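First up is the structure itself, then whatever we jot down about it.
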Amino acid sequence: MTSVDKKQDSIFSKKLMWPALRGTFSKLNPVTLWRNPVMFFVEIGGIITALNFVYNIITGKGDPAWFTGAVSMLLWLTVMFATFAESLAEGRGKARAESLRKSRTEIIAKKVKQPDPSGPATEINANDLRKGDLVLVGANELIPGDGDVVFGAALVDESAITGESAPVVRESGGDRSAVTGGTRVTATENIIVQITADPGETFIDKMVSLVEGAKRRKTPNEIALNILLIALTIIFLLVVFNLNSLSSYSVKAAGQGTVVSLVVLIALFVCLAPTTIAALLPAIGIAGMDRLFSRNVMALSGRAIEAAGDVNTLLLDKTGTITLGNREAVEFIAIGGHSGEEVVDAALMSSFTDETPEGRSIIVLAKQMGSRLQELPDHAAPVPFRAETRISGVDLEDHSYRKGAPDSIVRYIEQRGGSVPAELEQKVTEIARAGSTPLAVTRDNEVLGVINLKDIIKGGIQERFAQLRKMGIKTVMITGDNPLTAAAIAAEANVDDFLAEAKPEDKLKLIRDYQADGYMVAMTGDGTNDAPALAQADVAVAMNTGTQPARDAANIIDLDSNPTKLLDIVEIGKQILMTRGNLTTFSIANDIAKYFAIIPAALTSVYPQLQTLNLMHLANPHSAILSAVIFNALVIPFLIPLALKGTRYRPMPAQKLLVYNLFIYGLGGVIAPFIGIKLIDMLVTFSI
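Numbering-wise (my numbering), the sequence shown opens with residue 129 and increments by one.
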């Protein structure tokens, strides 16, 4: 997605307004509208009052035709404002989906049978690729489908997905092997990609479907609110039904007065039912997903965002999440009486054939420190790194150079009859305590010194963790490092706690333990070993640069692969909860004021004593009822921008936040109708 595509359209721009208006009418279909029970009953009321309007015109009986017609029109406007809000929210998502579709072009794939770039390749359409197929991709070519790099390394331009112009490294054999169909390789010899998704199931296909809102599921909180709205609707239906019988009985008993008409009863129901929140509820959820996507984060369900609003514990994988992922050489330390120049040259010599990021960083640092060696001699024999030995290096005619884990180097030297300087253990311990990784360097059977490999903390992450702490969220770093290294990195990153030497089952157990204690747990990760824990977490955020299993286990994907984005996710989750709660408070508070407008007007002819409740001194029953219905309809479009933008989240104690919201939306919801209905009544009376 380009920066232009990502720019947020104005809420009421023409680009969104016209499609939203068309969608407004299509959503009036009762088959569609019944999912919103309050608005469904308002639509039924609109139908009944419209028929009553026709009856009034033909027979001249009942309420004045102008009054019945006006009430019917306003009920239809109330329903249309509700469907317009939902259509406008969906339109924003569809606009983003359209920009994603434009990023997909027809691609010709070069299918191969073996992960060997020198083998024969067959050209086929990318749409014919299936999961498990191998494809060859060269420089400046589009990757034909979602997959994992199984051979080679490349720089990949992912701007079509993330909007970031800088290419990223994708290479085989690590946690940065996942690639997305439609992205472009910018620099490589050749890479082999194994396809991991069938056509129609690619990452972009899922994104298009999700941002359109087609698969948005209701969250438990939203379901609970819907139950409340349905319960209130049923209660007011029963109240209105009984008022008709009660007024009829009272008129017969007193021998005077007028039975409350059906149109007035319907107006009473619409004004007292929670129509405001019912109208805006669908838009709040859809707009929440859209706001998250505008920050380059894709939620696989509305439930995931809402759960993020309740998160109080965050688990973060260290490598690639808190740190940049690749350790860098920052220092060469000489021991045993050897010179720094000897250590630099030996480290460089043993790293010439090391293609790992760590090995390349050693070469860069050695050359920066003025090493005279420029390249590996032709007669050199490389010694590749092996998991069993944990040592790599090179053999020359006159010398052998090695570097590796200190304990492995000690065994290597002792097996050859050499001796290890006493200060090696001291230097190794110092480096480990500082949170870095030590590598010992040898020439022949002598330990020359130690290389300090440091995990680089991502910039600005300490400040973001401090913000999370203010929001009441505990941060826990998970790493496979030893406790000394883990403690040092945890302190530098400013996390609250850490789990060292963590295996996949340890991560899973930690999450289950927190959940058993009643915590809502979020986790970010990018590796295959994170997948079980991500699947267990309440909110699972996978980095887009991570492996396919990690992305499959998550319910939120961070397209920028920035773990501090969780702060944005939590804020938007809290925004959804607060927006829904605030509008619910406002809607119910509205009913208090509308009660004083419409109850006296509806029942004064039956119970004259109710006139004392006419606190707003409304002109007459018809103008009072009409004013309340007009206000009830107009308040919905006025609140649409708030529903789409969301309530601003302010980190503060829950009790203080509750008082603040009750004061703003509760008291405001009571006062606004008194002012609004009175002004409308004055205009209506003047017009009549």
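Idealized CB from N, CA, C, for every residue including glycine.
If you're wondering where the values come from, they're calculated on a predicted model, not measured in any experiment.
{"Item": "Close Cβ partners of W162 (< 7 Å) along its chain, the five nearest in sequence each way excluded", "Value": "F168"}
{"Item": "8 Å Cβ cutoff met for G260 and I320", "Value": "no"}
{"Item": "CB of K531 within 8 Å of CB of V556, strictly", "Value": "no"}
{"Item": "Local conformation of D641 per DSSP, three classes", "Value": "helix"}
{"Item": "Span separating the alpha-carbon of L409 from that of D625", "Value": "38 Å"}
{"Item": "Own chain partners of T404 with C-beta closer than 7 Å, once the 5 adjacent residues on each side are dropped", "Value": "L711, F714, S715, N718, V763, I764, L767"}
{"Item": "Validate contact between the segment 594-606 and the segment 618-633 using beta carbons, cut 8 Å, 3 pairs", "Value": "yes"}
{"Item": "Through-space distance from D680 to G545, alpha-carbon basis", "Value": "51 Å"}
{"Item": "Residue closest to A352, alpha-carbon to alpha-carbon, out of R431, P510, I175", "Value": "R431"}
{"Item": "Inter-residue Cα distance where the pair is A752 and I726", "Value": "6 Å"}
{"Item": "Helix, strand or coil at G577 according to DSSP, with G and I counted as helix", "Value": "strand"}
{"Item": "Contacting residues, own chain, Cβ-Cβ under 6 Å from K693 (five flanking each side not counted)", "Value": "V425, D686"}
{"Item": "Cβ contact check for the segment 583-595 and the segment 629-637: 3 or more pairs under 8 Å", "Value": "no"}
{"Item": "L205, DSSP secondary structure in three states", "Value": "helix"}
{"Item": "In DSSP terms, what T250 is bridged to", "Value": "K239"}
{"Item": "Own chain, CB closer than 7 Å to K582, minus 5 neighbours either side, in chain order", "Value": "R455, E456, V458, S564"}
{"Item": "Inter-residue CB distance, V575 and P549 (contact presumed, cutoff 8 Å)", "Value": "6 Å"}
{"Item": "Cβ-Cβ separation, L504 to L481 (assumed contact under 8 Å), whole Å", "Value": "Reading off the sequence shown, one finds Thr at residue 481, where the question assumed Leu. Yes, T481 and L504 are in contact; Cβ-Cβ is about 7 Å, under 8 Å."}
{"Item": "Cβ-based burial, I559 [other Cβ within 10 Å; buried from 16]", "Value": "buried"}
{"Item": "Three-pair Cβ contact test at 8 Å for the segment 258-278 versus the segment 653-661", "Value": "no"}
{"Item": "DSSP beta-bridge partners of F460", "Value": "I579"}
{"Item": "Cα-Cα separation between A729 and V798, rounded to whole angstroms", "Value": "19 Å"}
{"Item": "Unbroken stretches of the beta strand (DSSP E), 3 residues or longer, contained in the segment 260-291", "Value": "262-266, 275-279, 281-285"}
{"Item": "Where S887 falls: helix, strand or coil (DSSP)", "Value": "What is shown of the chain runs 129 to 816, which leaves residue 887 out entirely."}
{"Item": "The segment 368-377 contacting the segment 183-192, beta-carbon criterion three pairs below 8 Å", "Value": "no"}
{"Item": "Rounded distance between the beta-carbons of A411 and G774, thought under 8 Å", "Value": "The Cβ separation is near 11 Å, so there is no contact."}
{"Item": "Identity of the residues DSSP links to E299 by a beta bridge", "Value": "A281"}
{"Item": "Buried or exposed by the 16-neighbour rule on C-beta atoms within 10 Å, applied to A509", "Value": "exposed"}
{"Item": "Inside the segment 672-705 only - alpha helix (DSSP H) runs reaching at least 4 residues", "Value": "676-681"}
{"Item": "Residue-level contact to chain B via CB, R163, 8 Å cutoff", "Value": "Going by chain labels, chain B is absent from the structure shown, which holds only one protein chain."}
{"Item": "R530: first and last residue of the uninterrupted beta strand (DSSP E) it sits in", "Value": "528-532"}
{"Item": "Within the segment 485-521, ranges of the alpha helix (DSSP H) (whole runs, at least 4 residues)", "Value": "485-496"}
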